[in-house]
Structures are given as C-alpha cells and as structure tokens.
Ligand SMILES: [Zn+2]
C-alpha cells in the first residue's frame, strides 16, 4: 500500500475499495441468483469486514507513520540513526484485523539501539 498519501488520495483509494467490494457483490449475486436475503447479507457482511480492515489501514498508515526526512539521533551515541524498514503488526478490531505500520530506525554504531519515532 502506498504510504503518506494526501487526504484526497486516501479518499480516492477508499472509493476504489468500496467500488471493488460492491462490484464483487454484484458478481457474486449474478452467480447466486437464488440467494436468500440472509445469504446476501452474510456475503455482504464478510466483504464489509474485509473492506473495513483495509479502510482503517488506509486511514492510519496513509498518514505519517514515523518516517522522518531528518533522521532521529541515537540516545546513546548521538549519531544519526538509519531508517531500516516499516514494521507491521496486526491489531484485532471489533470486526476484523488491521495491519498497522511504524517506521523503524536503528543506530549503525550501537548494538540494540532502535527507535520507533512517535508522531510529531
Ligand atoms: Zn548509537
């Protein structure tokens, strides 16, 4: 997922997610024309759950997740730390899981000096 999007970009991406979910539901109903209301609802609920997880990831990960143009300095030696990667972790939500991410920095000099910068 592209990170650090503008609000406008995030909204556009969300509309794509919603459109894809609805389109898949249309296809599913085409393939199951005899489905009862309850079956349609069950199908829609699962897809909504998946979409909600993606929506929350977009809402949160699409903003600042700790990456800094000016790298943070090591608390131990004062040298600039190096960006290593984005670390992800799963959050259990009310309806489903969401993968959140934070920038992860390490000090090239000191063993074990790592940092997940807080939000500014
Ligand atoms: Zn250091």
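Numbering (the numbering used here), first residue to last: 4 to 123. Each residue gets a CB set at the ideal place from its N, CA and C atoms; glycine is no exception. From a predicted model like this one, the values you see are computed outputs, not experimental measurements.
Counting along the chain, residue 86 sits inside the beta strand (DSSP E) bounded by residues 85 to 95.
Per the CB criterion, closer than 5 Å to any heavy atom of ligand 1, the qualifying residues run in chain order as 77, 79, 80, 110, 112, 113 and 116. The shortest CA-to-CA distance from residue 72 to any of 8, 23 and 106 is the one to 106. With respect to the 9 Å criterion, residue 103 and residue 60 are classified as neighbours on the basis of their beta carbons. Assigned with DSSP and collapsed to three states, residue 103 falls in strand.
Straight across, the Cα-Cα distance linking residue 23 with residue 98 is about 19 Å.
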